[in-house]
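Q:
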Amino acid sequence: MSRGVDLSDPRLRRLLLRVGLPSMLGLTINALYQAVDMAFVGMLGVGPVSAISAAAPLALGMAALGEGVGVGAGAAISRALGSGHDARVAKLISTAGAMVLALAVGLPLLLLVLGGELPFLFAGSSEAVGLAQDYAAVIVVGGGLILFQILFDFIAIARGHTAFSMCTLMIAFGVNLALDPVLIFVLDLGVLGAAYATVIAAGVAVAIYLHYFLFGRAGLALPDLLRRPRTALMGSIAAIGGPAAASTMLTAFSFAVMYRIASDFGTESVAGLGIALRVLTIGMLPLAGFCLGAQTVVGHSWGGGDGARTRHAVRTCLAMAVAYSAAYSLGVVLFASQTAGLFTHAAAAQAYAVEAIAVMQPAFILAPLYIVAGMLMRAKGQAVTAGLLALAPQGYVLLPIAILFSHAWGFGGLVAGHALATTLTAVVAAVLLQQDIGRPRVVRRVSVSPID
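For the sequence shown, this note's numbering begins at 679 and goes up steadily by one.
1. Should Val791 be labelled buried (16 or more other beta-carbon atoms within 10 Å of its own) or exposed?
2. Could you tell me the boundaries of the alpha helix (DSSP H) in which Ser932 lies?
3. I need the boundaries of the alpha helix (DSSP H) containing Tyr1002, first residue and last residue.
4. With a 10 Å radius around its C-beta and 16 neighbouring C-beta atoms as the bar for buried, classify Phe1170 as buried or exposed.
5. Between Val1000 and the rest of its own chain, which residues show a CB-CB distance below 6 angstroms, the 5 nearest in sequence each way excluded?
6. Quick one: residues in its chain with C-beta nearer than 8 angstroms to the C-beta of Arg691, no 5 flanking neighbours on either side, listed in chain order?
7. Helix, strand or coil: how does DSSP classify Val1106 here?
8. Leaving out five residues before and five after Phe968 in sequence, what residues of the same chain have Cβ atoms less than 6 angstroms from its Cβ?
9. Would you mind reading off the limits of the alpha helix (DSSP H) that contains Val860?
10. Please give me, in chain order, every unbroken run of the alpha helix (DSSP H) with length at least 4 that falls completely inside the stretch 1032–1086.
11. From the DSSP output, in three-state form, read off His763 for me.
12. Could you name the residues of the same chain whose beta carbon sits closer than 6 angstroms to that of Met848, not counting the 5 residues immediately before and after it, in chain order?
13. Helix, strand or coil, according to DSSP, for Ala815 in the structure here?
14. Return the Cβ separation of Leu951 and Tyr937 in integer angstroms, given the expectation that the two are a contact with Cβ distance under 8 angstroms.
15. Go ahead and pull the three-state DSSP assignment for Thr773.
16. Spatial neighbours of Gly760 within its chain, please: C-beta separation below 8 angstroms, excluding the five flanking residues on both sides.
17. Let me know the secondary structure DSSP gives Val683 once reduced to three states.
18. Go ahead and pull the three-state DSSP assignment for His978.
19. Hey, is the stretch 924–944 in contact with the stretch 1076–1086, meaning 3+ C-beta pairs nearer than 8 angstroms?
20. From the DSSP output, in three-state form, read off Met721 for me.
21. Give me the residue from Gln1016, Ala713, Ile771, Gly720 with the minimum Cα distance to Pro907.
22. With respect to the alpha helix (DSSP H) encompassing Thr1022, which residues constitute its N-terminal and C-terminal limits?
23. Give every residue of the same chain whose Cβ lies closer than 7 angstroms to the Cβ of Leu695, excluding the five residues on either side of it in the sequence, and list them in chain order.
24. Exposed or buried, which one is Thr909 when buried takes at least 16 other CB atoms within 10 Å?
25. Leaving out five residues on either side along the sequence, give the residues of the same chain with a beta carbon under 7 angstroms from the beta carbon of Arg681.
26. With 16 as the cutoff for other CB atoms within 10 Å, does Gln1113 come out buried or exposed?
27. How would you label Asp858, buried or exposed, when you count the other beta carbons within 10 angstroms and need 16 or more for buried?
28. By how many angstroms is the C-alpha of Tyr874 removed from the C-alpha of Ala850?
29. Note the first and the last residue of the continuous alpha helix (DSSP H) segment covering Gly871.
30. In angstroms with no decimal places, state the Cα-to-Cα distance between Ala713 and Leu855.
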């Protein structure tokens, strides 16, 4: 079975770059999706920008389900490869596919049960709420394609096919980029055009992945993908991926609460907050992508019982991630006005965006601490610790601080609460990393029991 990259390569720094950079570039392309969509929609006015900002938490919550299955399957696949259980990989892939298929069917049915009306905490203008409903409905109905794209991306990366994953995302981004102006402006679909472009691009990516898995170098056959799903493997996937999914869903809920609070200050404040959070996400995705690729190496090293290699990989990954987050944050803060101007020409919305960027972006420098710590915990199979850490910066730490600060200091307090939550989580993660990789430990080879 081809693995694409030799995960036991002793040249660790080179290996981390080889598996991390393609997945980093892949999620950079994903980040560009968000930038391009908002830039085109921003040409329609402040209302549409507020609408897609309000719909973003629902779309993010849906994607979290696919992420949960993908993270769990990817971690299990890399550990299985590291421990020499290649036959287990096909069973994991078919089981993960069955889980995503159930979600792809269930989400539109849920929309039908709700009568086509999706719940929003956002309390903006009736026009913005209506546009948000339309945008989110298209994303949910076409969500199966988005979910499978997410799953296939995790599977490809876990098997070492990071370069192919990057190329697939580049093609999908090109499709999205070409369709956005046509659907939004030429066909006059507005916000709906952006949603249709996203779904169609995901469909193209899924088609490419299926062709590659079945006829390319992935070493899989159709029977591998159609194996009977295993309940025990579902539990294994959910145990590792569940915390990641819960974290993203809590992030979505927290963003919805933040948009609801911001709406008290007007539509422009929602648009400004949406721009600042989008800029933050654009920086976060490449960082998460690099750590996703690196997790393959860390999981393989841990599965093989090589504690020294595991620690070295984590330290190297952390150094690279901090260098990136510092450079990105500095650039965004220095050019905050120009950055906000890319997404809206409304002066009031730009002012809110610049204020939010100036407060929230510097804290992003510390984000690699909890992202790398979470990567290590997932690679080791420590689902509870990884989950608690992942839920903190956008969840149980953020929400109470943001609510209290916004009541005391308005919009400025809201964004300051976000920055403080990031900082507090990073401090806790630094302590965990110091305890885990700060001194040598004896690591026994991980045993993975095959399941027939």
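Glycine included, each C-beta is placed from N, C-alpha and C at the ideal position.
A: In short:
1. exposed
2. 909–940
3. Where Tyr1002 is concerned, the enclosing alpha helix (DSSP H) stretches over 985–1012.
4. The structure shown does not extend to residue 1170, since the chain spans only 679 to 1130, so no value can be given for it.
5. Same-chain partners within the cutoff: Pro1046.
6. Thr994
7. helix
8. Gly698, Met702
9. Neither: Val860 is in no alpha helix (DSSP H) and is coded neither H nor E.
10. The stretch 1032–1086 is shown to contain whole alpha helix (DSSP H) runs of 4 or more residues at 1045–1057, 1061–1069, in chain order.
11. coil
12. Ile707
13. helix
14. 7 angstroms
15. Helix.
16. Leu685, Gly977, His978, Ser979, Trp980, Gly981, Gly982, Val1124
17. coil
18. helix
19. The stretch 924–944, when compared against the stretch 1076–1086, does touch it at the 8 angstroms Cβ threshold.
20. coil
21. For Pro907, the closest alpha carbon among the candidates Gln1016, Ala713, Ile771, Gly720 is that of Ile771.
22. No alpha helix (DSSP H) holds Thr1022; DSSP gives it neither H nor E.
23. Excluding positions up to five away in sequence, the list is empty.
24. exposed
25. Bear in mind that the predicted position of Arg681 carries a pLDDT of just 47, short of 50, making it unreliable; the figure below should be weighed with that in mind. Once the five neighbours on either side are set aside, the close Cβ partners of Arg681 are Leu759, Arg837, Gly838.
26. exposed
27. buried
28. Using only the alpha carbons, I get a separation of about 13 angstroms.
29. 869–893
30. Answer to the nearest angstrom: the Cα atoms are 10 angstroms apart.
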